[in-house]
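In this note's numbering, the protein residues as written are 55 to 274.
Quick notes on the structure that follows.
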Ligand code: DX5
Ligand code: ZN
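And the structure:
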């Protein structure tokens, strides 16, 4: 299955509810949390997350670009987060963090910056429902896709197939009609798209087009 996850970072914050309702065909929503420390930008927090959760039944992936993510697990689960995706660079014990999330009733994911190698973490994929490979430096929407991270996608895909895992491979940053096929061919099955969805004339149609492109590329 292919998942298209619009990032509300690219939505119109003055009309957030209306924008969320523009993408009923999305498979889930991606909520970018930034603390101004782990990344040089601030986005929104639990109150906005809760407001989004209140206007949709969609599954919420919480991308935690924050230091000490463990301290905020309960907060974001209470705010409606279904899967919490913390940065591997921000924690000392990612496996323990995944266990904590599972104990709290949420799914676990880890995100990995473009410059962080994935090899040390391949053995731990079994503890996670998703690995999110960043294809831009986290912090801002609308950046250019970095194709060099696709070797990490391929490494994760190989390990997931070998071990028979169901861990999703996500990609985040610069995904558009021009780049999604490359990512799908490398083995991604969960695609975050901010500006390509909310910057489109018709966001729902943009979601469907991205999904069609990814599906066709994955089958090639
Ligand atoms: C960047 C965020 C992304 C961002 C993607 O730090 O993690 O989720 O919203 O935006 P686009 O799709 O515009 O690159
Ligand atoms: Zn994100």
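Glycine is no exception: its CB is placed at the ideal position from the N, C-alpha and C atoms.
- In this structure, residue 141 has its CB at a distance of at least 7 Å from all heavy atoms of ligand 2.
- Boundaries of the alpha helix (DSSP H) harbouring residue 100: 100–109, taken from the DSSP string.
- Rounded to whole angstroms, the Cβ separation of residue 238 and residue 272 is 5 Å, and the two are in contact under 8 Å.
- Beta-bridge partners assigned by DSSP to residue 272: none are found.
- Exposed is the label assigned to residue 96, since fewer than 16 other Cβ atoms lie within 10 Å of its Cβ.
- According to the DSSP secondary-structure assignment, residue 113 is paired through a beta bridge with no residue.
- The Cβ atoms of residue 143 and residue 104 do not sit closer than 8 Å to each other.
- Rounded to whole angstroms, residue 198 and residue 191 show a C-alpha spacing of 10 Å.
- The three-state reading of DSSP puts residue 225 in strand, counting E and B together.
- Residue 243 holds the alpha-carbon nearest to the alpha-carbon of residue 183 among 200, 270, 243.
- A direct Cα-to-Cα measurement between residue 89 and residue 129 gives close to 14 Å.
- Listed as beta-bridge partners of residue 120 by DSSP are no residues whatsoever.
- Beta-bridge partners of residue 88 (DSSP): 119.
- A Cβ-Cβ contact shorter than 8 Å links residue 240 with residue 208.
- Two segments are said to touch when three or more pairs of C-beta atoms, one from each, lie closer than 8 Å; by this definition the stretch 223–235 touches the stretch 245–255.
- Checking the DSSP bridge columns, you'll see residue 219 has no partner listed.
- When rounded, the separation of the alpha-carbon atoms in residue 100 and residue 186 is 21 Å.
- Under the DSSP assignment, residue 237 falls in the alpha helix (DSSP H) whose first and last residues are 234–240.
- Only residues of its own chain outside the window of five on either side were considered, and among them 119, 192, 193 have a CB closer than 6 Å to the CB of residue 93, listed in chain order.
- Relative to residue 251, the option among 135, 110, 62 whose CA is nearest is 62.
- Taking a 10 Å sphere around the C-beta of residue 220, we find fewer than 16 other C-beta atoms and assign the residue as exposed.
- Listed in chain order, the non-local C-beta contacts of residue 181 below 6 Å within the same chain comprise 149, 152, local neighbours out to five positions each way being set aside.
- Beta-bridge partners of residue 246 (DSSP): 59, 226.
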